[in-house]
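Trainee:
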Amino acid sequence: MEPPLSSDTPPPPISPMAYKAYQQTNGASMALVEEHLPLVRQVVGRIKMSLPPHIDADDLHSMGVMGLIAAGQRYVPQEGRTFVGYAYTKIRGAILDELRRLDWCPRRTRAKARKLKDAIAELEQKHQRAATAEEIQRQLQLTPAEYEEWLQESSPVTFINIDASAHDDGDGLKLHETIADENLEPASAGLERAELWRLVADRIELLPETQRKVLALYHFEGLRLAEIAEAMDLTEARISQIHTQAILALRSFIERNQNK
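Taking the working numbering as reference, the numbering of the sequence shown is continuous, increasing by one, and the terminal residue is 333.
1) Near Ala204, what residues of its chain come up, given a Cβ to Cβ distance below 6 angstroms and the 5 sequence neighbours on each side ignored?
2) In three-state terms, what does DSSP make of Arg154?
3) Is it buried or exposed for Ala104, if we count other Cβ within 10 angstroms and need 16 for buried?
4) Going by DSSP, what residue range makes up the alpha helix (DSSP H) through Ile68?
5) Does Tyr291 come within less than 8 angstroms of chain B when only Cβ atoms are used?
6) For the 8 angstroms Cβ check, are there 3 or more pairs between the segment 110-124 and the segment 146-154?
7) Am I right that Ser227 and Lys185 are in contact with their C-beta atoms under 8 angstroms? What's the rounded C-beta distance?
8) What separation, rounded to the nearest whole angstrom, lies between the Cα atoms of Asp242 and Gln214?
9) Looking at the unbroken alpha helix (DSSP H) that takes in His200, where does it start and where does it end?
10) Which stretch, first to last residue, makes up the alpha helix (DSSP H) that contains Val113?
11) Under a Cβ-count criterion, where at least 16 other Cβ atoms within 10 Å of its own Cβ denotes burial, should Arg324 be classed as buried or exposed?
12) Do you know how far the Cα of Ala310 is from the Cα of Leu172?
13) Would Leu290 and Ala299 qualify as a contact pair, given that the criterion is a beta-carbon distance under 8 angstroms?
14) Do Val230 and Thr182 have their C-beta atoms closer together than 8 angstroms?
15) Determine the direct distance from the alpha carbon of Ile209 to that of Lys199, and round the result to whole angstroms.
16) Tell me which residue opens and which closes the alpha helix (DSSP H) that Val287 is part of.
17) With a threshold of 6 angstroms on Cβ separation, who are the neighbours of Tyr220 within its own chain once the five nearest residues in sequence on each side are excluded?
18) Apart from the five residues just before and just after Thr317, which ones in its own chain have a Cβ nearer than 7 angstroms to its Cβ?
19) Does the beta carbon of Ala274 fall short of 7 angstroms from some heavy atom of the ligand ADP?
20) Need the endpoints of the alpha helix (DSSP H) that Leu298 sits in, please.
Below, the structure written as structure tokens:
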């Protein structure tokens, strides 16, 4: 666990704005912030691994601290709602707000992810089963190498949904936050939300075993890509590609069902 903040000087990389907010917290909130500072580093580390190298982790850490401070000030204990889960959501939301402000994801990357998703949707609608990598390549007229490059380039779009609501209360990063897409209508416009996610759970069972395993290890077990790669004896880049194809397949499935 990281050492608590000093009452005199802020340890780097906390920004002056974050430190000023910290100084204004009351004793109980301050104790919560100090105890859970390692959570900020955890969230930043998980998000940063899917971002371009030019994004400054220190800036993200400062915004994450701001989110943690907000959580400490606003948290109201209630049954079924832990501070860790509440703080995780606020920290992640503050970081995503900053990334949205930076407009970090190029339009070209979003366009490629959209083309991949549309190709998957068309193939699955046609064959009534999960699309294979070979079928997607033929649909988009890509070589295997080009297809892998597209998946790799699209991976940040699938690991982080920048356009999702950043401040919904909840306990940590849920799979549905990653599956969500900025172009999707609210679930109430098609199916009821509970029914939609029941269908998503059924759809996950139809994914290839490797994709299901990567989703489970990353989203439910909380493993990092490097840890999953080691466990499955694959490269980290390959794990990222597998995750991307799985998430795009689930997004295309949600889109089709919301439009029914």
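Backbone N, C-alpha and C fix where the C-beta goes; we use that ideal spot for every residue, glycine too.
Mentor: With the given structure in hand:
1) Ile193, Leu196, Glu197
2) strand
3) exposed
4) Only positions 74 to 333 of the chain appear in this structure, which leaves residue 68 out of reach.
5) Going by chain labels, chain B is absent from the structure shown, which holds only one protein chain.
6) no
7) 5 angstroms
8) Interpretation of Asp242 is limited by its pLDDT of 42, a score under 50 that renders its predicted location unreliable; the figure taken from the coordinates is listed afterwards. Roughly 42 angstroms between the two C-alpha positions.
9) 180-200
10) 110-121
11) buried
12) 23 angstroms
13) no
14) yes
15) 12 angstroms
16) 282-288
17) Gln210
18) Leu224, Ser227, Ser228, Thr231
19) Annotation note on the ligand ADP: not contained in the displayed structure, which lists no ligands.
20) 298-305
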